[in-house]
Amino acid sequence: DTGVSQDPRHKITKRGQNVTFRCDPISEHNRLYWYRQTLGQGPEFLTYFQNEAQLEKSRLLSDRFSAERPKGSFSTLEIQRTEQGDSAMYLCASSPEGLQFFGPGTRLTVL
Amino acid sequence: KNEVEQSPQNLTAQEGEFITINCSYSVGISALHWLQQHPGGGIVSLFMLSSGKKKHGRLIATINIQEKHSSLHITASHPRDSAVYICAAATSGTYKYIFGTGTRLKVLA
């Protein structure tokens, strides 16, 4: 399968715990995006990488959120001290330029 | 006011009906995308438009750049078309998407 993959697909955690999600983009896609989608809403932009450089971060990305793409390939999104409001689907997409290809998402539930 | 607005939010149609979903945007774009999202979250790109009209099977997408408006049409709708349809404005430069809230379509047999 050469599509965008995300791991895990589902994560249930208790409030206050840290969680980390991984995204593996399509090979040679230099652009990688993270989005968050809450129930009944369209996705919202979180952050964007071009190769290993994080070029844009949304104001939605509080200090508890950090994203990395250390070698310009896979990316991780970490949420520290999770809150119930962090419960959402976290979507990753990659792109050579223009059209984005989405992963299946990681559904986070914070109890 | 959202930068990307869609209407209607919910739509129920009978099988065979012609369906139109509208999208208006207020930001500068490099392209306008139509996406389909099924239950469980998977998002599939349907169209990327920067001008004019595109057709794929029973789906047709149009865009009017001057009016900042796009439409997605489904001809001869079928229950398998039931999904959430989302328009997304790809911004100039980063090409990040600004999404509409989606249109939940249900096609009844």
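Protein chains in written order, with this note's numbering: chain A, 468 to 578; chain B, 201 to 309.
Glycine included, each C-beta is placed from N, C-alpha and C at the ideal position.
Contact set between residue i and chain B, taken where Cβ atoms lie within less than 7 Å
| i | result |
| --- | --- |
| residue 509 of chain A | 286, 299, 300, 301, 302 |
Supposed contact pair residue j and residue i - C-beta distance, whole angstroms, cut 8 Å
| i | j | result |
| --- | --- | --- |
| residue 564 of chain A | residue 498 of chain A | 7 Å |
| residue 298 of chain B | residue 205 of chain B | That pair is no contact at about 11 Å. |
| residue 570 of chain A | residue 471 of chain A | 4 Å |
| residue 509 of chain A | residue 300 of chain B | 5 Å |
| residue 308 of chain B | residue 285 of chain B | So it is not a contact: roughly 17 Å between Cβ atoms. |
| residue 566 of chain A | residue 251 of chain B | The pair is not a contact, with the Cβ atoms about 16 Å apart (cut-off 8 Å). |
Under 8 Å by beta carbon: chain A residues contacting residue i
| i | result |
| --- | --- |
| residue 295 of chain B | 498, 562, 564, 565, 567 |
Residue i and residue j closer than 7 Å at C-beta
| i | j | result |
| --- | --- | --- |
| residue 218 of chain B | residue 234 of chain B | no |
| residue 555 of chain A | residue 504 of chain A | yes |
| residue 480 of chain A | residue 501 of chain A | no |
| residue 536 of chain A | residue 548 of chain A | no |
| residue 232 of chain B | residue 289 of chain B | yes |
| residue 488 of chain A | residue 296 of chain B | no |
| residue 557 of chain A | residue 573 of chain A | yes |
| residue 226 of chain B | residue 292 of chain B | no |
Chain B contact residues for residue i, given Cβ-Cβ distances below 8 Å
| i | result |
| --- | --- |
| residue 523 of chain A | 294, 296 |
| residue 578 of chain A | In chain order: nothing, as chain B lies at least about 20 Å away. |
| residue 532 of chain A | In chain order: nothing, as chain B lies at least about 16 Å away. |
| residue 516 of chain A | In chain order: nothing, as chain B lies at least about 10 Å away. |
Residue environment, residue i, which counts as buried when at least 16 other CB atoms sit within 10 Å
| i | result |
| --- | --- |
| residue 482 of chain A | exposed |
| residue 473 of chain A | buried |
| residue 575 of chain A | buried |
| residue 546 of chain A | buried |
| residue 302 of chain B | buried |
| residue 528 of chain A | buried |
| residue 249 of chain B | buried |
| residue 277 of chain B | buried |
| residue 562 of chain A | buried |
Residue i: contacting residues in chain A (beta-carbon distance under 9 Å)
| i | result |
| --- | --- |
| residue 245 of chain B | 566, 567, 568, 569 |
| residue 289 of chain B | In chain order: nothing, as chain A lies at least about 11 Å away. |
Contact set between residue i and chain A, taken where Cβ atoms lie within less than 7 Å
| i | result |
| --- | --- |
| residue 231 of chain B | 565 |
Does the structure place the segment 206–217 of chain B close enough to the segment 486–501 of chain A that three or more beta carbon pairs sit under 8 Å? no
Taking one C-beta from the segment 219–227 of chain B and one from the segment 270–278 of chain B each time, how about it: are there three or more such pairs within less than 8 Å? Short answer: they touch.
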